[in-house]
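Taking it in order: structure first as structure tokens, then the write-up.
Numbering (my numbering), first residue to last: 4 to 240.
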């Protein structure tokens, strides 16, 4: 398995693997290397967002307890505003985010990792001096690679400390390491929706208000709605 191979990144329904409880997701995030990558994953999970939308977040998009995802980076080409989850607020307390510009600025070349704000200023300077158009934000491919490495660590247990780490989180120990087969960047958004729908018992329209889905059919497909299980229960009535 290659370092960025996450097991074809698909479950049996042809979609990214998802979890119905937060513990496996948070365990996965802890396995991802790099503060920037971990923060992106937290935004994708607690913001119920696609990773591309996360990479383009700007400081002014995260104000107070509101997150705004811009329409130009939305699959539905529409603005989506979301009240920030308390858990994400707690995560953000550990970060010194830029006061302006992109939250996840691109890193240039092979230079050492730098503070978020310093990278943003440097990226602006490169663009202004050279006149070249440069992508100002972190690439989704870079995040995917880091995520793939984390999933490989979990699946192969090449790291001797992984088994011990798994044993310390009962829910992760229950689902087992193979439950992470098929994880991709979509897993964070899908996991939050499955948690809200299946575990918290939210009705579909309420979940759709968080995810931004426009149709019930699209929402049910996205969360891999368990039609067969529902029909089996109905047959007992």
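Even for Gly, the Cβ is constructed at its ideal location relative to N, Cα and C. Note that this is a predicted model, so its numbers are computed, not measured.
Beta-carbon gap between residue i and residue j smaller than 9 Å
{"i": "residue 185", "j": "residue 19", "result": "yes"}
{"i": "residue 192", "j": "residue 82", "result": "no"}
{"i": "residue 146", "j": "residue 43", "result": "yes"}
{"i": "residue 154", "j": "residue 183", "result": "yes"}
{"i": "residue 92", "j": "residue 64", "result": "no"}
{"i": "residue 143", "j": "residue 90", "result": "no"}
{"i": "residue 202", "j": "residue 23", "result": "yes"}
{"i": "residue 39", "j": "residue 141", "result": "yes"}
Exposed unless 16 or more other CB atoms sit within 10 angstroms - verdict on residue i
{"i": "residue 159", "result": "exposed"}
{"i": "residue 84", "result": "exposed"}
{"i": "residue 27", "result": "buried"}
{"i": "residue 225", "result": "buried"}
{"i": "residue 100", "result": "exposed"}
{"i": "residue 163", "result": "exposed"}
{"i": "residue 219", "result": "exposed"}
{"i": "residue 240", "result": "exposed"}
{"i": "residue 156", "result": "buried"}
{"i": "residue 116", "result": "With a pLDDT of 45 at residue 116, under the threshold of 50, the modelled position of this residue cannot be trusted, and the question is left open."}
{"i": "residue 66", "result": "exposed"}
{"i": "residue 227", "result": "buried"}
Rounded straight-line distance, which links the Cα of residue j to that of residue i
{"i": "residue 52", "j": "residue 196", "result": "10 Å"}
{"i": "residue 208", "j": "residue 60", "result": "26 Å"}
{"i": "residue 31", "j": "residue 216", "result": "25 Å"}
{"i": "residue 72", "j": "residue 57", "result": "8 Å"}
{"i": "residue 2", "j": "residue 181", "result": "Because the chain is modelled from 4 through 240, residue 2 falls outside the range shown and cannot be assessed."}
{"i": "residue 177", "j": "residue 165", "result": "15 Å"}
{"i": "residue 96", "j": "residue 46", "result": "13 Å"}
{"i": "residue 233", "j": "residue 171", "result": "34 Å"}
{"i": "residue 55", "j": "residue 161", "result": "30 Å"}
{"i": "residue 62", "j": "residue 29", "result": "24 Å"}
{"i": "residue 103", "j": "residue 94", "result": "19 Å"}
{"i": "residue 25", "j": "residue 174", "result": "9 Å"}
{"i": "residue 74", "j": "residue 169", "result": "39 Å"}
Distance between beta carbons of residue j and residue i, contact taken as under 8 Å
{"i": "residue 149", "j": "residue 37", "result": "6 Å"}
{"i": "residue 222", "j": "residue 214", "result": "7 Å"}
Sequence-distant residues of the same chain with beta carbon closer than 6 Å to residue i, five excluded per side
{"i": "residue 21", "result": "190, 193, 194 and 197"}
{"i": "residue 87", "result": "68 and 70"}
{"i": "residue 210", "result": "196, 199 and 200"}
Contacts around residue i, its chain only, beta-carbon distance under 7 Å, and the 5 residues preceding and following it disregarded
{"i": "residue 139", "result": "105, 108, 109 and 126"}
{"i": "residue 205", "result": "199"}
{"i": "residue 98", "result": "42"}
{"i": "residue 212", "result": "none"}
Residues near residue i by beta carbon distance below 8 Å, same chain, minus five either side
{"i": "residue 238", "result": "none"}
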